[in-house]
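K.L.:
Have a look at this one before I ask anything.
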Amino acid sequence: MRLLLVEDDLTLARELQKQFKRDGFAADLAACGEEARHLGSEEAYDIVILDLGLPDVSGLSVLQSWRNQGQTVPVLILTARDAWEEKVDGLKAGADDYLTKPRHYEELLARVQALIRRSKGQAKPLLESRHFYLD
1 MRLLLVEDDL TLARELQKQF KRDGFAADLA ACGEEARHLG SEEAYDIVIL DLGLPDVSGL
61 SVLQSWRNQG QTVPVLILTA RDAWEEKVDG LKAGADDYLT KPRHYEELLA RVQALIRRSK
121 GQAKPLLESR HFYLD
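Counting from 1, one number per residue, gives the positions in the sequence shown under the working numbering.
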């Protein structure tokens with residue numbers, strides 16, 4: 001699985017890159033919005049983890065430009081911004097999930113795996129209990 005991690009805090013970015021690598025991901029890093037915009041437009045990723053507070057261009061602007069280009073890659077916003085209005089703005093701009101810092105890596109990994117699973121059509125919409133099925 002290929003992941004783009006957009007994070008300007010290089011200590012956090014390298015820590016996450018190492019953890020994702022341990023879990024079988026190839027993780028590319030982008031430390032600014034312009035680099036992220038370019039990589040997200042030119043490379044094929046299974047998922048993007050996007051910070052909103054980037055030094056040159058807002059993460060929200062990067063996300064909107066990808067969506068305007070027709071990019072459908074799942075995007076999880078990972079940011080320190082935790083106001084409900086910002087969460088709504090991020091989701092309306094096209095994010096598939098929103099998680100605030102500080103975070104637990106296990107939760108981040110579970111959300112990443114769920115988003116990839118859904119994007120690949122591997123989610124099971126059929127619920128089964130004993131002899132009852134709900135589709």
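Cβ coordinates follow ideal geometry from the N, Cα and C atoms, glycine included.
(1) Take ALA27 as the anchor and find which of SER41, ILE49, GLU42 has the nearest alpha-carbon.
(2) Kindly list the residues whose CB is nearer than 7 Å to the CB of TYR98, restricted to its own chain and excluding five residues on each side of it in sequence; keep chain order.
(3) Express the C-alpha separation of GLN71 and ARG37 in angstroms, rounding to a whole number.
(4) Let's test the definition: count the other Cβ atoms within 10 Å of the Cβ of TRP84 and tell me whether it reaches 16, buried, or not, exposed.
(5) Contact between the region 46 to 65 and the region 5 to 24: three or more CB pairs below 8 Å?
(6) Exposed or buried, what is GLY153 when buried is set at 16 or more other beta-carbons lying within 10 Å of its beta-carbon?
P.N.:
Here's the rundown:
(1) For the purposes of this step, residue 27 is identified with residue 27 of the sequence shown, where counting begins at 1. Out of SER41, ILE49, GLU42, ILE49 has the C-alpha closest to the C-alpha of ALA27.
(2) Position 98 of the sequence shown holds residue 98. Counting only Cβ-Cβ distances below 7 Å, and skipping sequence neighbours, we find ILE77, LYS87, GLY90, LEU91.
(3) As a first step, residue 37 must be located in the sequence shown, where it is residue number 37. As a first step, residue 71 must be located in the sequence shown, where it is residue number 71. Spanning the two alpha carbons is a distance of roughly 11 Å.
(4) As a working mapping, residue 84 is identified with position 84 in the sequence shown. Exposed, because fewer than 16 other Cβ atoms sit within 10 Å of the Cβ of TRP84.
(5) yes
(6) Outside the displayed span of the chain (1 to 135) sits residue 153, for which this structure offers no information.
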